[in-house]
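Have a look at this one:
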């Protein structure tokens, strides 16, 4: 493996010698950025070490572009190194390291002269925020990058960014918008002959078309993605595309084809050491066998999937395997094993919820830390009292955001206080970027009757089961909390009234289609739901949204229960 000569500790280099040495490291890092991100990251950090020693006397941890006294070209080189660190960190799923690297890179570039590099940093930031679940920030940076790439006529950059925007809308359950961006991305990628990017877009189109029920074109795009990844021998992408096609056939009910593609997914993933993908494929095969009534086969694959998930640290897959195993054992009549796996599912899901809550807060903290560092540097240079006050206010806001997140001990959902904290921030972002947002109030019908007739333990079990079913319907970006007693509350980002109606109808139906076992009795359970939306009302507050959702909920109760009502502005 080629690598530039190692760093020597003979004192600061001249600017010319430094530039040549750093450029050699960065060019080599770029060569390995796609195939060996760990090596690329190592090279980028060695380059940063050299720049750090010359810029801030060896304090790499304190490296701040605002303090770098080199030339414009030197700052641009520093930015390139930070971009490579960010890209490699994204591929290695170290998002808490990628985001600050991209933010610092942005400070190194000059608008007008370095627009292509700025757009690359913005696209990287958007991708990082996307995976961290910070969707408003992701959309803001991706659209900014899209504008720059469009102005530059950079078709490859625009195609890659539109692909990311399409993925974002898929996560937001908005397939029509996803398709618009992905179809444009595919046209651009075909012109650029970037086959890996084109294969990725075909895979995304497969998933978007599957969501809209267009199975035949979805299959065509999925198979084309598999074929292209095989041609360029990019096996990580091949495994993802095979998985997408397997999921498509599973939803279509073509279990023979689904089994073929999911087994291929497991085989390819095993060969390249992607144990998390192996775990998911094995779990899906187990689910397929369960649907066909082959319970022993289902157990075998689910157990193998569970073991692979534990080995790879894939916590979400561990949770899903416990849920599937609980259901299979229940159908086999082994109530003890079903209960054990359900308890493990419940316990691990709560732990995962805590970790994801911490991750959301950590994302906020990272952004504030980098922003505060930039402001501190400006204050040092400008001695501006007004800027100092702004930094102090940001630090106070950061302290408030760092308060320990708390959950409802019964359901594992966000409790009222923590829900309101998250919701206030989401409403602020929706107002700032003029984005839609909806709030949903939910009440369990006849819950007092359940408590009075069967006891509070039975009532607690009903609430826990309802919470689990709603979590199974909601998107990862949605915020679900227990508001108190038998009331739940949901915040739906990037969702207008019609989208909220569809989502809450799915919630209502998911609960109404099941019954609760109360001894020898089957007790039907239903929900009354009230929805309020903010789009078009720029100054609306969370308090008003909650009040309106509560009024709509009251209308649902008065109208006979087990229904969804949206608040209409008179």
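Residue numbers (the working numbering): 85 to 654.
No residue lacks a Cβ here, since even glycine has one placed at the ideal position from N, Cα and C.
What you are looking at is a predicted structure, and each value in this text was computed from that prediction instead of being measured.
I believe residue i touches residue j by the beta-carbon criterion, under 8 angstroms. Please report the beta-carbon distance rounded to the nearest angstrom.
i: residue 273; j: residue 282; result: 4 angstroms
i: residue 656; j: residue 343; result: This structure cannot speak to residue 656, because the chain is shown only from 85 to 654.
i: residue 526; j: residue 609; result: With a Cβ gap of about 12 angstroms, residue 526 and residue 609 do not count as contacting.
i: residue 115; j: residue 131; result: Rounded, the Cβ-Cβ distance is 14 angstroms, inconsistent with contact.
i: residue 346; j: residue 378; result: The pair is not a contact, with the Cβ atoms about 14 angstroms apart (cut-off 8 angstroms).
i: residue 248; j: residue 263; result: Going by Cβ atoms, the distance from residue 248 to residue 263 rounds to 15 angstroms, so no, they are not a contact pair.
i: residue 561; j: residue 217; result: 6 angstroms
i: residue 376; j: residue 333; result: Not a contact, Cβ separation roughly 13 angstroms.
i: residue 192; j: residue 162; result: 5 angstroms
Taking the alpha-carbon positions, what's the residue i to residue j distance?
i: residue 646; j: residue 596; result: 8 angstroms
i: residue 108; j: residue 492; result: 54 angstroms
i: residue 405; j: residue 259; result: 27 angstroms
i: residue 650; j: residue 583; result: 11 angstroms
i: residue 403; j: residue 533; result: 32 angstroms
i: residue 653; j: residue 253; result: 28 angstroms
i: residue 392; j: residue 357; result: 11 angstroms
i: residue 32; j: residue 381; result: Because the chain in this structure spans residues 85 to 654, residue 32 falls outside the shown range and cannot be described.
i: residue 270; j: residue 547; result: 45 angstroms
i: residue 59; j: residue 245; result: In the structure displayed, the chain extends from 85 to 654; residue 59 sits before or after that span and is not available.
i: residue 186; j: residue 413; result: 48 angstroms
i: residue 572; j: residue 516; result: 27 angstroms
i: residue 419; j: residue 426; result: 10 angstroms
i: residue 239; j: residue 316; result: 21 angstroms
i: residue 407; j: residue 190; result: 44 angstroms
i: residue 386; j: residue 364; result: 9 angstroms
i: residue 501; j: residue 203; result: 38 angstroms
i: residue 421; j: residue 431; result: 15 angstroms
i: residue 587; j: residue 579; result: 9 angstroms
i: residue 312; j: residue 598; result: 43 angstroms
i: residue 237; j: residue 398; result: 40 angstroms
i: residue 305; j: residue 625; result: 43 angstroms
i: residue 144; j: residue 215; result: With a pLDDT of only 35 at residue 144, under 50, the local geometry of the prediction cannot be trusted, and the value read off the model is given with reservation. Residue 144 and residue 215: Cα-Cα distance of roughly 27 angstroms.
i: residue 139; j: residue 228; result: Note that residue 139 scores 43 on pLDDT, short of 50, meaning its location in the model is unreliable; the coordinates nonetheless yield the value given after this. Near 30 angstroms, if we compare the C-alpha coordinates of residue 228 and residue 139.
i: residue 231; j: residue 395; result: 43 angstroms
i: residue 641; j: residue 631; result: 15 angstroms
i: residue 424; j: residue 411; result: 11 angstroms
The beta strand (DSSP E) spanning residue i covers which residue range?
i: residue 571; result: 571 to 577
i: residue 649; result: 648 to 650
i: residue 616; result: 611 to 617
i: residue 608; result: 605 to 608
i: residue 256; result: Looking at the DSSP string, residue 256 is not in any beta strand (DSSP E), and its letter there is neither H nor E.
i: residue 589; result: Premise fails: residue 589 lies in the alpha helix (DSSP H), 581 to 596, not in any beta strand (DSSP E).
i: residue 527; result: 521 to 528
i: residue 602; result: 599 to 602
Could you spell out where the alpha helix (DSSP H) holding residue i opens and where it closes?
i: residue 352; result: 339 to 355
i: residue 639; result: 626 to 642
i: residue 358; result: From DSSP, residue 358 is part of no alpha helix (DSSP H); its letter is neither H nor E.
i: residue 329; result: 319 to 336
i: residue 180; result: 179 to 192
i: residue 158; result: 156 to 175
i: residue 566; result: Run containing residue 566: none in the alpha helix (DSSP H); it sits in the beta strand (DSSP E), 563 to 568.
Apply the 10 Å Cβ neighbour rule to residue i and answer buried if 16 or more other Cβ atoms are within range, or exposed otherwise.
i: residue 257; result: buried
i: residue 512; result: exposed
i: residue 224; result: buried
i: residue 353; result: buried
i: residue 355; result: exposed
i: residue 188; result: buried
i: residue 330; result: buried
i: residue 627; result: exposed
i: residue 433; result: buried
i: residue 606; result: exposed
i: residue 574; result: buried
i: residue 221; result: buried
i: residue 287; result: buried
i: residue 634; result: buried
i: residue 235; result: exposed
i: residue 137; result: Residue placement at residue 137 is poorly supported in this model, since its pLDDT is 45, which falls under 50; the coordinates are not used for a value here.
i: residue 134; result: buried
i: residue 277; result: exposed
Does the distance between the C-beta of residue i and the nearest non-hydrogen atom of the ligand FAD fall short of 7 angstroms?
i: residue 646; result: The model depicted lacks the ligand FAD and carries no ligand whatsoever.
Original post:
Is it a yes or a no for the segment 294 to 303 touching the segment 315 to 326, going by three-plus beta-carbon pairs under 8 angstroms?
Top reply: Contact between the segment 294 to 303 and the segment 315 to 326 is absent: fewer than three C-beta pairs spanning the two stretches fall below 8 angstroms.
Original post:
Is the number of C-beta pairs between the segment 490 to 498 and the segment 535 to 542 that are closer than 8 angstroms three or more?
Top reply: Segments in contact, no.
Subject >> Three or more C-beta pairs below 8 angstroms linking the segment 189 to 197 and the segment 173 to 180 >> reply: With the cut-off at 8 angstroms, the segment 189 to 197 and the segment 173 to 180 do not touch.
Original post:
Should the segment 181 to 194 be called in touch with the segment 205 to 219, which here means at least 3 C-beta pairs below 8 angstroms?
Top reply: With a cut-off of 8 angstroms, the segment 205 to 219 and the segment 181 to 194 count as touching, because enough Cβ pairs lie within range.
Original post:
For the segment 550 to 559 against the segment 635 to 652, are there 3 or more C-beta pairs whose distance is under 8 angstroms?
Top reply: The segment 550 to 559 vs the segment 635 to 652: no contact.
Subject >> Inter-stretch contact at 8 angstroms, needing at least 3 Cβ pairs: the segment 516 to 524 / the segment 610 to 629 >> reply: The segment 516 to 524 makes contact with the segment 610 to 629, as at least three CB pairs between them are under 8 angstroms.
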